[in-house]
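Participant:
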Amino acid sequence: MAMVDVDAVSKRFGRTPVLDAVSMRVGPGVTGMLGPNGAGKTTLLRIMATVLAPDSGTVRFGDRSPTSADALHAIRRDLGYAPQEPGFYPDFTVFEFIDYVAILKELDDRRARHDEVRRVIGLVGLDEVAHRPIRKLSGGMRRRTAVAQALLGSPSVLLLDEPTAGLDPEQRLRFRSLLSERGDDRAVVLATHQTEDVTALCQHVVVIDHGSVRFDGSPPALAEAARGRVWVSDGPEPGAVLTWIDGTGRHRHIGDPPSGATLVDPTLEDGYLLLMGRDSRGERAA
Amino acid sequence: MILPFVLVFMLVTPLAAIFVSQRTQQLMAPAVGALDLARPVRGDAGLRGSTVAWRHLWPLVRLESVRLVRHPAVYLVAIPFTVVNFFQLEGSEVLVLDRDDVSLAVLLAPYGWGVLIASNLLTLRSRRWRSEELLATLPVPQRSRTAAHLIAPLVTLPGAAVLLAGWFALAARSDHVRGTARPAAVLAGVLIVVGGGCVGVAVARWLPRPLFGWLAVIATIVLQVNFGALDPRWRWMHFSVYAAETISYPRLAPQHHEVHLLYLAGGVLLVAAVALARDGLDRRSGALGGTALTVLLVTGAVQTAPLAEPDTALFVTHLEQPGIGQTCRPAAGVTVCADPGFEFAIDWWTEPVAGVLRRVPDAARPADLVIRQRARVDARALLHPEIASAVDPAVAWPDDREVSVSDRWRLAAPGDPDGPGRVQLALAYRTASALVGLPPDAWWSASSRGSAAWATVPLAAGGERNEPVRGPLVQCDATGDGRAVVAAWLAGQATPAARAELRRRAGEVVARQWADTPVAFDPVDNYLTGLPDVLPEQGAVPSGGEILAATALLDLDDALVAAAFADRWSELVAPGSVPTATVLGWLGSDPSRARAAVAATAPRFDPEIDPDADTDPPVLTGTCPRTRR
Chain A
805 MAMVDVDAVS KRFGRTPVLD AVSMRVGPGV TGMLGPNGAG KTTLLRIMAT VLAPDSGTVR
865 FGDRSPTSAD ALHAIRRDLG YAPQEPGFYP DFTVFEFIDY VAILKELDDR RARHDEVRRV
925 IGLVGLDEVA HRPIRKLSGG MRRRTAVAQA LLGSPSVLLL DEPTAGLDPE QRLRFRSLLS
985 ERGDDRAVVL ATHQTEDVTA LCQHVVVIDH GSVRFDGSPP ALAEAARGRV WVSDGPEPGA
1045 VLTWIDGTGR HRHIGDPPSG ATLVDPTLED GYLLLMGRDS RGERAA
Chain B
12 MILPFVLVFM LVTPLAAIFV SQRTQQLMAP AVGALDLARP VRGDAGLRGS TVAWRHLWPL
72 VRLESVRLVR HPAVYLVAIP FTVVNFFQLE GSEVLVLDRD DVSLAVLLAP YGWGVLIASN
132 LLTLRSRRWR SEELLATLPV PQRSRTAAHL IAPLVTLPGA AVLLAGWFAL AARSDHVRGT
192 ARPAAVLAGV LIVVGGGCVG VAVARWLPRP LFGWLAVIAT IVLQVNFGAL DPRWRWMHFS
252 VYAAETISYP RLAPQHHEVH LLYLAGGVLL VAAVALARDG LDRRSGALGG TALTVLLVTG
312 AVQTAPLAEP DTALFVTHLE QPGIGQTCRP AAGVTVCADP GFEFAIDWWT EPVAGVLRRV
372 PDAARPADLV IRQRARVDAR ALLHPEIASA VDPAVAWPDD REVSVSDRWR LAAPGDPDGP
432 GRVQLALAYR TASALVGLPP DAWWSASSRG SAAWATVPLA AGGERNEPVR GPLVQCDATG
492 DGRAVVAAWL AGQATPAARA ELRRRAGEVV ARQWADTPVA FDPVDNYLTG LPDVLPEQGA
552 VPSGGEILAA TALLDLDDAL VAAAFADRWS ELVAPGSVPT ATVLGWLGSD PSRARAAVAA
612 TAPRFDPEID PDADTDPPVL TGTCPRTRR
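Chains A and B, in that order, are what the protein sequence lines are.
This note's numbering applies: residue 805 is where the first sequence begins, and numbers increase by one.
This note's numbering applies: residue 12 is where the second sequence begins, and numbers increase by one.
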């Protein structure tokens, strides 16, 4: 059963179309939302987070639709959202800020609320800086603070916009572990540029570009889309859609391989890049 | 001199508070990295949540209350002004709380400004830090957050109570405060503080820039000062009725302090409703706004309603018969009468009177001389029109032998830099005038009623005429009259402070070359707002020559001078002129020698640096009568 059902959602800002009849279904587990800058990921996430209303189309949360104030209220009670820029109050401590969000999430009982705040702070590993003003935190700590507030109340739907930006490798690993646990029985949507996060975490991936869904399926399926289209060589290949030098010093190519090319197993990133490269090449041809 | 600095401070301090509060925003930016400085994302109007239950609101109220109490703007704005206000408690004239309690509401106004700025910035917090996107996804909607901001200023009540308690504690140990405050008049200040918080929230919701918070502070000052502050009715429409209260007369006008509290409460609730209406009018905020508007209109109507006849009659009686309700005490051979709340001043007023009587022959002391507190003639410009038209000014300011002490005379307390000299000299001179047969006070010459006889002050108050006030108030010209010399000498020797004041006045006469110009002993800064010239108060006005002559006599032995006058008292007060030169001749002097002596010894007076000096001599209406009226 879909926990979030996006159906033919369109949105434009002024004359600029941002989303064009986007449909996707988010079920339990971690869903990765991939796409280049300006693809419409954040706008779609904002619509799913009930910040913005779609111009057309619907978003359903289980059996609820945000068409009335009461339904909206109920949806928001069961929603966790970490925007790209949460807008921290710099003179609040980590604890105070998350406590503030907890109050706005209607966690009324002071003792229980504080317990919950301490719990989510612990989950993201910020116990030692819990009472430090946010203005004194590093970028990575702030990002973890953003995630922590989204975890308040263990919401059924967790929407995270670029949650791993600014995290060091250790923090990123810890974060993946955290999210994979959350994704057991609830829906986690991850808007990101980081294909390795999607590879490591997601059971479902949606690629968005130019306001439309380009791919909707599993990560292996996205990788598999590039099978037979990825090869390595010792030098540049003029026919490749994309070429880069990998960690071994060899050239890795995506596109239509020449005969005799050394094909390699594709990754999710290859599939994504091929999808994006093909689209952009298609645009160039057009 | 200090006023321009105070004004600059008033303008700059709220801005500084805003700057300090915003400073962290600049600190934050580089650490965050790519701050999105584009317009903040706010939730769509079509996705507004319902208003939450009270139980969800209280934790938010609690948090915002703590934030408000900890906000630096409250202290940056409130503390300097409050310290200044407390400091002014020392070294000022006496406050009579039965009249001046309204100034306590003003004492809290800076606290209200601080709360306004702080509430404004706290309400703008989500916008300033771009957190509206996140907050829009949370179940508690903007309307509830606004409601919490509106309720939070209630947390400032203990602070207001502490400030007031501190003031009263200092007042209790001070000689500067007398009488009893009216609770409703004081509580108005508390509502002003809470109202400041609500105004800050409303401004933030409708005009979401910190600058508008500062402008709101300025707007409250402008409204308070310019919204018909001197009008006896419209002043009740202000936040504080202080504007005219200190120069008006509580015994002569209706006091609506309890109703004014309700009026302020209605205003605060209306502002709250306006703030809530930013998120759309729902049933609750509509009901709140409707109720507040009703309270505001009803209480406003009550406060500005024309006076009923019985009330008018009562106030006219108080004006025409000031003795009703006064406390009178025989002292030093005269009777001194004071209004309720001013009984303490009887002893103060008795001192210069006794000093005069001490040097007057026993036979010259009238048994029925009364020193009475009386409304100053400018009261008529501040009274309700019904009272002004019903009172007979010739009865209210009669041609009698009583010596009047005006309600507005300075009540100099210990430590007052101006000291009691001016009041003591003025009162002693008037008492002595009565004893030598000169009129002590200006009096109303026509027994007419209605606007014609009252035209002088309102016309002059229009501000377009720049000419001395002329009207039916009579002062006589005592130039060259030896009785004025005697009266001035009796006044000057009455007390040490009066002696110093007469010398100071003589120094001014010398510096201004006023030897032939009428010079009055003004016990107050004798101006009414908007009037271009002094109001006549003193009955017999000598010229500077008489003042110099009397000052010269101060250099002689007091007993010797008193004996010389006692020997010739009947000649002095009998019909027929005793010129100044004659009086000086009794003591072996003459006007030229007197002037020279005073010019050599009087305190130096620099008209350029004495802002209190009167620059315009009074306009007189005739020579003084030769016999007692």
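Glycine included, each C-beta is placed from N, C-alpha and C at the ideal position.
Figure out for me which residue from B:Ala495, B:Arg110, B:Ala399, B:Ala158 has the closest Cα to the Cα of Val327 of chain B.
Facilitator: Closest option to Val327 of chain B, Cα to Cα, is B:Ala399.
Participant: Could you tell me whether the stretch 329 to 347 of chain B touches the stretch 400 to 420 of chain B, where touching means 3 or more Cβ pairs closer than 8 Å?
Facilitator: Yes, the stretch 329 to 347 of chain B touches the stretch 400 to 420 of chain B.
Participant: Going along chain B in order, which residues have a C-beta closer than 7 Å to the C-beta of Leu883 of chain A?
Facilitator: What Leu883 of chain A touches in chain B: Thr148.
Participant: Between which residues of its own chain and Gly1075 of chain A is the CB-CB distance below 6 Å, once the five residues before and five after are set aside?
Facilitator: Only Leu1026, Ala1027, Ala1029, Ala1030 meet the Cβ criterion.
Participant: Go ahead and pull the three-state DSSP assignment for Met828 of chain A.
Facilitator: Three-state result, Met828 of chain A: strand.
Participant: Where does Ser872 of chain A land, buried or exposed, given buried means 16+ other C-beta within 10 angstroms?
Facilitator: So Ser872 of chain A ends up on the exposed side.
Participant: Give the DSSP-derived three-state secondary structure of Leu174 of chain B in the structure shown.
Facilitator: In this structure, Leu174 of chain B counts as helix in the three-state DSSP scheme.
Participant: Determine the DSSP secondary structure at Leu823 of chain A, reduced to helix, strand or coil.
Facilitator: Residue state, collapsed to three classes: strand.
Participant: Return helix, strand or coil for Ser942 of chain A, following the three-state DSSP convention.
Facilitator: Coil, per DSSP.
Participant: What are the residues in the stretch 287 to 303 of chain B lying within 7 Å of chain A by C-beta distance?
Facilitator: The residues in question: there are none.
Participant: Along chain A, in chain order, which residues have C-beta atoms closer than 9 Å to that of Pro74 of chain B?
Facilitator: First, the residue type needs correcting, since residue 74 of chain B is Leu and not Pro in the sequence shown. Going along chain A in sequence order, the residues near Leu74 of chain B (Cβ under 9 Å) are Glu900, Asp903, Tyr904, Ile907.
Participant: With H, G and I counted as helix, E and B as strand and the rest as coil, what does DSSP make of Arg340 of chain B?
Facilitator: Three-state result, Arg340 of chain B: strand.
Participant: If you compare alpha carbons, which of B:Thr315, B:Thr323, B:Arg376, B:Glu320 is closest to Ala343 of chain B?
Facilitator: Among B:Thr315, B:Thr323, B:Arg376, B:Glu320, the Cα nearest to that of Ala343 of chain B belongs to B:Arg376.
Participant: Quick one: using the 10 Å Cβ neighbour count with 16 as the cut-off for buried, is Lys845 of chain A buried or exposed?
Facilitator: Buried.
Participant: Pull out every residue of the stretch 862 to 875 of chain A whose Cβ sits closer than 9 Å to any Cβ of chain D, in chain order.
Facilitator: No chain D appears in this structure, whose protein chains are A and B.
Participant: Hey, is Asp912 of chain A's beta-carbon within less than 8 Å of any beta-carbon in chain B?
Facilitator: Answer yes: the Cβ-Cβ gap between Asp912 of chain A and chain B drops below 8 Å somewhere.
Participant: Any heavy atom of the ligand SAH closer than 7 Å to the beta-carbon of Trp1035 of chain A?
Facilitator: With respect to the ligand SAH, the structure offers nothing, as it holds no ligand at all.
Participant: CB-CB under 6 Å to Val43 of chain B, same chain, minus the five flanking residues each way: which ones, in chain order?
Facilitator: The predicted position of Val43 of chain B is uncertain, since its pLDDT is 32 and thus under 50; no value can be drawn from it.
Participant: Within its chain, find whatever has a CB closer than 6 Å to the CB of Ala45 of chain B; leave out the 5 residues flanking it on each side and keep chain order.
Facilitator: Bear in mind that a pLDDT of 33 at Ala45 of chain B, under 50, signals an unreliable position, so the number given afterwards is only what the model happens to contain. Answer for Ala45 of chain B: no residue qualifies.
Participant: For a quick check, are the C-beta atoms of Val188 of chain B and Ala182 of chain B less than 8 Å apart?
Facilitator: Contact: yes.
Participant: If contacts are defined as beta-carbon pairs under 8 Å, then Asp859 of chain A and Lys815 of chain A qualify, I think. What distance do you get, rounded to the angstrom?
Facilitator: With a Cβ gap of about 5 Å, Asp859 of chain A and Lys815 of chain A count as contacting.
Participant: Tell whether a beta-carbon distance below 8 Å holds between Leu115 of chain B and Leu168 of chain B.
Facilitator: No, the pair does not count as a contact, with Cβ atoms beyond the cut-off.
Participant: Residues of chain A with a CB under 8 Å from the CB of Trp140 of chain B: which are they?
Facilitator: What Trp140 of chain B touches in chain A: Gly891, Phe892, Tyr893, Pro894.
Participant: Taking the C-alpha atoms as reference points, what is the distance between Asp9 of chain B and Pro243 of chain B?
Facilitator: An answer regarding residue 9 of chain B cannot be provided, because it is not within the stretch 12 to 640 covered by chain B.
Participant: Any idea what DSSP makes of Ala471 of chain B, helix, strand or coil?
Facilitator: Reliability of the predicted coordinates at Ala471 of chain B is poor, the pLDDT of 41 falling under 50, and no value is obtained from them.
Participant: Do you know offhand how far Glu144 of chain B's Cα is from Pro887 of chain A's?
Facilitator: Each residue's alpha carbon lies about 7 Å from the other.
Participant: Just verifying my parser: in three-state terms, what is the DSSP assignment at Ala1089 of chain A?
Facilitator: The predicted position of Ala1089 of chain A is uncertain, since its pLDDT is 35 and thus under 50; a value taken from the coordinates is nonetheless stated next. Helix.
Participant: Name, please, each residue of chain B whose Cβ falls closer than 8 Å to the Cβ of Arg880 of chain A.
Facilitator: What Arg880 of chain A touches in chain B: Gly60, Thr148, Leu149, Pro150.
Participant: Please list the partners that Pro887 of chain A has in chain B, where partner means a Cβ-to-Cβ separation under 7 Å.
Facilitator: The contacting residues are Glu144, Leu145.
Participant: Can you check whether the C-beta of Leu161 of chain B is within less than 8 Å of a C-beta belonging to chain A?
Facilitator: No, no contact with chain A.
Participant: Label Ser581 of chain B either buried or exposed according to how many other C-beta atoms from any shown protein chain fall within 10 Å of its C-beta, with 16 as the threshold for buried.
Facilitator: The residue in question, Ser581 of chain B, is exposed, as its Cβ has fewer than 16 Cβ neighbours within 10 Å.
Participant: Is Ser648 of chain B close to chain A? Criterion is C-beta to C-beta, closer than 8 Å.
Facilitator: With chain B represented from 12 up to 640, any question about residue 648 of chain B goes unanswered, as that position is not in the structure.
Participant: Just to confirm before moving on: does the CB-CB distance between Ile558 of chain B and Arg615 of chain B stay below 8 Å?
Facilitator: Result no, Cβ atoms of Ile558 of chain B and Arg615 of chain B do not sit closer than 8 Å.
Participant: Shortest alpha-carbon distance to His877 of chain A belongs to which of B:Val228, B:Thr148, B:Pro83, B:Leu263?
Facilitator: The option with the nearest alpha carbon to His877 of chain A is B:Thr148.
Participant: In its own chain, which residues sit with a C-beta less than 6 Å from the C-beta of Glu548 of chain B, not counting the 5 before and 5 after it?
Facilitator: Hits under 6 Å: Ala453.
Participant: Give every residue of the same chain whose Cβ lies closer than 7 Å to the Cβ of Gly1032 of chain A, excluding the five residues on either side of it in the sequence, and list them in chain order.
Facilitator: These residues qualify, in order along the chain: Leu1067.
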